[in-house]
Structures are given as C-alpha cells and as structure tokens.
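Below is one structure, written out as structure tokens; the observations come after it.
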Amino acid sequence: MVAWGIVMTIMAFVKNFSQLMTARFLLGAFESGFAPGIIFYLTKWYKKSEQNYRISLFFAGAAIAGAFNSFLAFSITSLDGKFGLNGWQWLFMIDGVVTVIIAFLSYFIFPDYAETATWLTENERKLAIERIRLDTGESAYSTHFDKFQIIQAFKDLKIYIFMVIYFSKLSGRYKVYGPYLIFNLLISMMGYILLIVPSDTTSLKYIGACIAGLGIFACIPTSLTWLTSNLAGDSKRAVGSAMMIAWGNIGGVVSGQLYRSSDAPAYKTGHSVALSLLAVAVILSIIQYYLLNRANKYKLKDPERFLKGLNEEEVMNLGDLHPSFIYSL
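For the working numbering, add 14 to where a residue sits in the sequence shown, where the first one is 1.
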C-alpha cells in the first residue's frame, strides 16, 4: 500500500505519455497483491463457514465505495487552480497520500496472526489458533511459507478450475458453496438473456443489467471463499488466491475489447460472450463439486493411502491433501 500510494502521488506530476504508462504499470504491480492479501489474511482469522460473509463484506465495501467515487472525485477536482495545480493532480495527490497514511496505520493496528495479536489475552490467542486448527485439520494449519506448498499451488487442478469460474465475472453457514455459486451464476445468466433479447424497452434492459450484476456480485465472494476454504498451508493459499484474482482481472482487459462502441447500444457480442462464459462456469462448478466430493470419499474410505511412505515433514506439508482435511462442497 505504501508503494502504490507513493506511485499514485507521483502520477500527479507526470509530464508525458511514457511517464504516465510507467507510473500506471507500477501502480498496477504494487496494487495487485492487495485483494488476494486481504482474502488470505481473513482465512487466518476465520473458519471456513465464516469466511464467505467476511469476504462478501470486503467486496460489498468495494462496491459501495464505487458509488461514491464520482462524488469524491468531483469534490477534489474542484480544487482546480489551487497552488497552481490542476484538479486531476489534486485527485492523484490526495488519493496517494491517504493510501500511504492508511498503510502505516494498518501496519500498527493489524497483527500478522493470532499468535502476535497483543490485544488478545494468552487464552484468547490459544483459542483463536485452536479454532482454525480444528477447522482446517492438524497438518493444514501452517504459518510459514514453504517452497513445496507454492509448487503444489501451481500443480493443483482445482485452482485452475476456480480461475476459469472466477473469470466469468467478466453459503457459508452450511459450508456448501458449489450449489450457491451455480444458483447465482444462473441468476446472472438470466440477466444477460434479457440484455440480449431484441427489445427497444429500456426498462427491460435496465432490469436485465440489475439481475446480471446481482448474480455476479454474489458469485465473486462465494467463488473466492470456495477456493480458500479448500486450500491449506499459508503458501498454497496465498499463491492460489493471487492466481485466481489475477486471472479474474484479465476479464476486465478482455471485456474492453468485446464491448466495442461500434456494437452500441445493444452490445450483443459482449453480452453473448459473457453469457457463454457464465455457462462454462456453471459446467465447471458442477465438475469441481464432483471432484471435491470424490476426493472426500477417498479420504474417508482409506486415509492411510495418503500417508503411506511419507516422513513426518512430508506429512506436515501435505496441506489440503492430508486425509484429515475435508473439502468444502
């Protein structure tokens, strides 16, 4: 946050296109770890059944912030001419400085783990650690970064399936995520169908856009929680969530090429591709549910097969592959 706040402040003083593009690239690079970092952080404090609600609040906050962005930007740019600076320069400067201040405050307010939370008593720290350990399984609780877990993340099929599901964006009480995700994907598909259907009725298109957005915004936290609740080990969970967020953001790049001004006002090409991707996400969600359910049955039927021939260190590094770790469906 400190780095991206500094870069954002510097953007107020760029003089040409090359400087702007360089600053924008650095801003994206430094900011890219924020969302997966927040999600990873929440998984260290909340059980699987509690994560979906908290991640939903995070994304709801982002959506609410978007509703006030224009108002704040307008207010800040009204400073145009003050101290010889343009309105857009004030916008970058204030946003950047506020980001740096929040970053420094966060460093002192938020502890890394429950083990280092000074505002908890010793018994409360033990309880916070134990509740997560019992929820994820003995070998799944890990507070160190491990090379083996990072390699596991890139080799794990379920992460790539979740990446494609999340790409289509462009519960937690019963630890069941797949059916809720599929339900919300279908809702979003209904919205896109209304957008594609030939009609000059503005109200119909507006309703379709609302329904599509309703389904998609519900899918984002659910799909992310489904992933993080099925990954164990700090390294694997951190890398896996980062992979998913990064892949999902590619959807924003692609959508800019699909929703062309020449297709206005119907944008049938963009809506049709989005609808198709949602259909793919539904199919992959069903496949993911089946694969995770099958893996759980194997673990319950013959847990020793997963531990055969492994030493103590290798067993501790199994993470979600350990037989004591049951996947959330």
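We put the beta carbon where it would ideally sit given N, CA and C, even for glycine.
| query | What's the C-alpha gap between residue 184 and residue 269? | reply | Bear in mind that the predicted position of residue 184 carries a pLDDT of just 44, short of 50, making it unreliable; the figure below should be weighed with that in mind. Each residue's Cα considered, the two are about 6 Å apart.
| What do you get for residue 251, buried or exposed, if any count of 16 or more other CB atoms within 10 angstroms of its CB means buried? | buried
| When the Cα of residue 291 is compared with those of 105, 230, 115, which residue comes out closest? | 230
| query | Which class does residue 11 belong to by DSSP, given the choice of helix, strand or coil? | reply | The structure shown does not extend to residue 11, since the chain spans only 15 to 343, so no value can be given for it.
| Can you tell me whether residue 224 is buried or exposed, with buried defined as 16 or more other CB within 10 angstroms of its CB? | exposed
| Using the beta-carbon count (16 or more within 10 Å), is residue 1 buried or exposed? | In this structure the chain extends from 15 to 343, so residue 1 is not present and cannot be described.
| said: Using CA atoms only, rank isn't needed, just tell me which of 296, 105, 50, 120 is closest to residue 261. | reply: 50
| Exposed or buried, residue 284, counting other C-beta atoms within 10 Å across all chains shown (16 or more means buried)? | buried
| said: Quick test of your reading: residue 209 and residue 219, contact by CB under 8 Å. State the CB separation rounded to the nearest angstrom. | reply: 6 Å
| said: Taking the alpha-carbon of residue 34 as reference, which of 67, 273, 87, 106 has the nearest alpha-carbon? | reply: 106
| query | Of all the alpha helix (DSSP H) runs that stay within the bounds of the stretch 180-259, which reach a length of 4 or more residues? | reply | 192-210, 216-242
| Cβ pair residue 115, residue 192 closer than 9 Å | no
| Where does residue 295 fall in DSSP's three states? | Residue state, collapsed to three classes: helix.
| said: For a test of the three-state rule: what should DSSP assign to residue 287, helix, strand or coil? | reply: helix
| message | Can you tell me whether residue 261 is helix, strand or coil according to DSSP? | response | helix
| query | So the alpha helix (DSSP H) residue 109 belongs to, where does it begin and stop? | reply | 101-123
| message | Tell me the DSSP secondary structure of residue 67 in three-state form. | response | helix
| request: Give the range of the alpha helix (DSSP H) segment to which residue 38 is assigned. | output: 31-45
| What did DSSP end up calling residue 339 once you bin it into helix, strand or coil? | It is coil, neither helix nor strand.
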